[in-house]
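Reviewing the structure listed below.
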Amino acid sequence: MQMVNFDFKNEIIKEDFSLNYCYQCGTCSSICPVAFASEGEYNPRKIIEESLMGLKSLLIKEQKPNIWLCSTCQMCVEECPQEVFLTGIFESLKNKIVQTGEKYPEAFKVQAKAIIDNGVAISLSPPIIRRRKELKLPNVESADRIELKNLLKATNFEKKININGDR
Amino acid sequence: MTYKYFLGCVIPGRLPYLEASARKTFEKLGMKVGDQANYSCCPDPTGAGQLDHLTWLALGARNLCLFEESNSNILSLCSGCTETLKAVKYSLEKDNKLKEEINSKLNSIGKKYKGNVEVKHFAQVLYENIDSIKKKVKKPLKDLKVASHPGCHYLRPSEIMQWDDPLVPKTLDELIEAIGADPVDYSLKIDCCGNPVEKSNKDISLLMLENKLKSMKDAGTDCIACVCPACYQQFEFNQKEVNKNSNTNYNFPVFYITELIALAFGMNAEEIGLKYHRVKTDEILQKIS
């Protein structure tokens, strides 16, 4: 029999108390477009169930169901009859996955690295700069790199997300 | 109320022609919208925040500060940016301790967030000027069947976005009507386009897109109207991927709603850069000429 891991459950509840309100009706999974397209491989109700049970290994290590498939469309949040803030709970679980050094999809790292290096997710390439001129659009002034670096240092971003894979 | 643009990353860096149509549309409406220097990635509500919520709040709050310091409100051209900036504002307003924590981080760069800045999605501002839009229409887009795709972060979570109906949205279809076109009702209107899922599983992302396209086709649409650059890219760039995977032949022209409004205002295809579209728009242009 699966036992509740209260320590981990409480850790999640500390991030978002609304987890407690879930009575496993399954509304979230029934309206989730990712659950529909993946034929149930992604299942928000299941992730909430595992959270209520505090099943740390399944949620953080094995990542079953794969929490990274959430599209953040917020349909579950909108429809939940108990006002559970599912996407907030999922976000804090993903933060835990990242910050305990477990694996996460490469595309997220690529975006984070772009933000660290350039302040934006997508930098202006020479063809785009030409195109902007053709369209008579003003120059885009990029964010102050030093200021951003200092702010990211204050939040300890690079270390937390293990961007260089040295953990 | 004075606005400045928050362009985000995707529009200026990849889709500048959408920016051109937006700027020209607001100009035509007689609205002066300024430009703000020095802002960063919002950051992406589907990306950076999933890695570290605190950093997401701090970068978002820094962006809010820049506009606050210049006494301007934010007019965002992207739904993702709108959601992030509204959600950061909402979170810091609701939780004073969190606001203090974020301000202690901002202190390291000499900034302080007070909370005196409004954030609006460009489509909201358009809707608030719908009467003026109606008056400015020179070339109604008669008989053009347009499937609006509201996308997720334009609407939800409604507690934070406070705009339109999160499950039965109407503002975009009313804007489409205002320029003389026919809004198409289709069954998956409020579903996600699948774009954010591309970061973890491209096949599922494309299946989500295919579900939407099928629903639009069944309803007899001529073209698609978006209000978010992530959704725009998913529809515009990935239709051919869907066709490759599923042996289908979707080929819907995809517009930003500002492009359709600009056309209805009588602007020509060249000045708003329609030639940069991957799915060609010629047939639509013929239909409305």
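Protein sequence lines correspond, in order, to chains A and E.
With the first letter of the first sequence counted as 1, position 27 gets the number 26 in numbering that gives the first Met the number 0; the numbers rise by one all the way through.
With the first letter of the second sequence counted as 1, position 280 gets the number 279 in numbering that gives the first Met the number 0; the numbers rise by one all the way through.
Just so it is clear, CB atoms sit at the ideal spot from N, CA and C, and this is done for glycine as well.
For residue 30 of chain A, which residues from the same chain have a beta carbon less than 8 Å from its beta carbon, with the 5 sequence-adjacent residues on both sides left out?
Walking along the first sequence from the start, residue 30 of chain A turns up at place 31. Closer than 8 Å at the Cβ level, and outside the excluded window around residue 30 of chain A, lie 74, 75 and 78.
In angstroms, rounded to a whole number, what distance separates the CA positions of residue 173 of chain E and residue 145 of chain E?
As a first step, residue 173 of chain E must be located in the second sequence, where it is residue number 174. As a first step, residue 145 of chain E must be located in the second sequence, where it is residue number 146. Taking the straight line joining both Cα atoms gives about 11 Å.
Under 8 Å Cβ to Cβ from residue 130 of chain A, same chain only, skipping five residues before and after it: list those, please.
In the first sequence, residue 130 of chain A corresponds to position 131, counting from 1. Contacts found: none.
Is it true that the CB of residue 280 of chain E sits closer than 8 Å to the CB of residue 251 of chain E?
The residue you call residue 251 of chain E lines up with position 252 of the second sequence. The residue you call residue 280 of chain E lines up with position 281 of the second sequence. Cβ distance not < 8 Å, so residue 251 of chain E and residue 280 of chain E don't count as in contact.
Per the DSSP calculation, residue 222 of chain E is bridged to which residue(s)?
Here residue 222 of chain E refers to the residue found at position 223 when the second sequence is read from its first residue. Residue 222 of chain E pairs with E:145.
Spell out whether any CB of chain A is found under 8 Å from the CB atom of residue 49 of chain E.
The count along the second sequence starts at 1 and reaches residue 49 of chain E at position 50. Chain A, which has a Cβ nearer than 8 Å to the Cβ of residue 49 of chain E, makes this yes.
Using 8 Å as the threshold, is the stretch 188-197 of chain E in touch with the stretch 225-239 of chain E, meaning 3 or more CB pairs across them?
Short answer: they touch.
Counting only runs of 3+ residues fully inside the stretch 93-124 of chain E, write out the beta strand (DSSP E) ranges in chain order.
Here the runs fully enclosed are 118-120.
Following the continuous alpha helix (DSSP H) through residue 287 of chain E, name the residue where it begins and the one where it ends.
Taking the second sequence and counting its residues from 1, one reaches residue 287 of chain E at position 288. Element bounds for residue 287 of chain E: 281-287.
Which whole-angstrom value describes the C-beta separation of residue 54 of chain E and residue 92 of chain A, a residue pair presumed to lie in contact below a C-beta threshold of 8 Å?
Position 55 of the second sequence holds residue 54 of chain E. Position 93 of the first sequence holds residue 92 of chain A. Between residue 92 of chain A and residue 54 of chain E the Cβ distance is about 17 Å, and since that is not below 8 Å, they are no contact.
Three or more C-beta pairs closer than 8 Å, one from the stretch 101-113 of chain E and one from the stretch 180-191 of chain E: is that the case here?
Flag = no, the stretch 101-113 of chain E and the stretch 180-191 of chain E do not touch.
In terms of residues, what are the limits of the alpha helix (DSSP H) holding residue 87 of chain A?
Indexing the first sequence from 1 puts residue 87 of chain A at position 88. Per DSSP, residue 87 of chain A belongs to the alpha helix (DSSP H) from 85-98.
Provide the residue span of the alpha helix (DSSP H) that contains residue 62 of chain E, from first to last.
Working through the second sequence from its first residue, we reach residue 62 of chain E at position 63. Start and end: 52-68.
Would you mind sorting residue 264 of chain E into buried or exposed? The rule is 16 or more other CB atoms within 10 Å of its CB.
Numbered from its first residue, the second sequence carries residue 264 of chain E at position 265. Buried, since its Cβ has 16 or more Cβ neighbours within 10 Å.
Ends of the alpha helix (DSSP H) at residue 115 of chain A?
As a first step, residue 115 of chain A is located in the first sequence; it is residue number 116 there, counting from the start. That run of the alpha helix (DSSP H) goes 105-117.
Could you work out which residue in A:15, A:158, A:125 and A:5 is closest to residue 99 of chain A when comparing CA atoms only?
Walking along the first sequence from the start, residue 99 of chain A turns up at place 100. That would be A:158, whose Cα lies nearest to the Cα of residue 99 of chain A.
Hey, does residue 140 of chain A have any beta-carbon neighbour from chain E nearer than 8 Å?
Position 141 of the first sequence, counted from the first residue, corresponds to residue 140 of chain A. Output row for residue 140 of chain A: interface = yes.
Looking at the unbroken beta strand (DSSP E) that takes in residue 5 of chain E, where does it start and where does it end?
The residue labelled residue 5 of chain E in the question sits at position 6 within the second sequence. Residues 2-5.
Counting only beta-carbon separations shorter than 8 Å, does residue 62 of chain A have a partner in chain E?
The count along the first sequence starts at 1 and reaches residue 62 of chain A at position 63. By this cut-off, residue 62 of chain A is not an interface position.
What are the start and end residues of the beta strand (DSSP E) that includes residue 208 of chain E?
As a position in the second sequence, residue 208 of chain E is number 209, starting the count at 1. Counting along the chain, residue 208 of chain E falls outside any beta strand (DSSP E), though it belongs to the alpha helix (DSSP H) covering 201-217.
Let me know the secondary structure DSSP gives residue 181 of chain E once reduced to three states.
Translated into the one-based positions of the second sequence, residue 181 of chain E becomes position 182. Reduced to three states, the DSSP call for residue 181 of chain E is strand.
What residue range does the alpha helix (DSSP H) around residue 73 of chain E cover?
Reading the second sequence from its first residue, position 74 is the one you call residue 73 of chain E. Per DSSP, residue 73 of chain E belongs to no alpha helix (DSSP H); it is in the beta strand (DSSP E), 72-75.
Quick check: the stretch 9-26 of chain E against the stretch 84-101 of chain E, are there 3 or more CB pairs under 8 Å?
Taking 8 Å as the limit for Cβ pairs, the verdict is that the stretch 84-101 of chain E does not touch the stretch 9-26 of chain E.
Quick check on the burial criterion: 16 or more other C-beta atoms within 10 angstroms. Buried or exposed for residue 5 of chain A?
Mapped onto the first sequence, residue 5 of chain A falls at position 6. Exposed is the call here.
Strictly below 9 Å CB to CB, what residues from chain A border residue 104 of chain E?
The count along the second sequence starts at 1 and reaches residue 104 of chain E at position 105. The contacting residues are 150, 153 and 154.
Does the distance from the C-beta atom of residue 107 of chain A to that of residue 46 of chain E stay below 8 Å?
As a working note, residue 107 of chain A is residue 108 in the first sequence. As a working note, residue 46 of chain E is residue 47 in the second sequence. For residue 107 of chain A and residue 46 of chain E, yes; Cβs fall inside 8 Å.
Taking the CB atoms as reference points, tell me whether residue 152 of chain E and residue 78 of chain E lie closer together than 8 Å.
Sequence index remark: in the second sequence, residue 152 of chain E carries index 153 (1-based). Sequence index remark: in the second sequence, residue 78 of chain E carries index 79 (1-based). Yes; because the gap between Cβ atoms is below 8 Å, this pair is in contact.
Can you check whether the CB of residue 64 of chain E is closer than 8 Å to the CB of residue 290 of chain E?
In this structure chain E extends from 0 to 288, so residue 290 of chain E is not present and cannot be described.
Among A:126, A:163 and A:122, whose alpha-carbon lies nearest the alpha-carbon of residue 275 of chain E?
On the second sequence, position 276 is the one that residue 275 of chain E refers to. Checking every option, the nearest Cα to that of residue 275 of chain E belongs to A:126.
Do you know how far the Cα of residue 97 of chain A is from the Cα of residue 51 of chain E?
In the second sequence, residue 51 of chain E corresponds to position 52, counting from 1. In the first sequence, residue 97 of chain A corresponds to position 98, counting from 1. Between residue 51 of chain E and residue 97 of chain A, the C-alpha separation is close to 8 Å.
Can you give the beta carbon distance from residue 16 of chain E to residue 134 of chain A, rounded, assuming they're within the 8 Å contact cut?
Mapped onto the second sequence, residue 16 of chain E falls at position 17. Mapped onto the first sequence, residue 134 of chain A falls at position 135. Correct: roughly 6 Å between the Cβ atoms.
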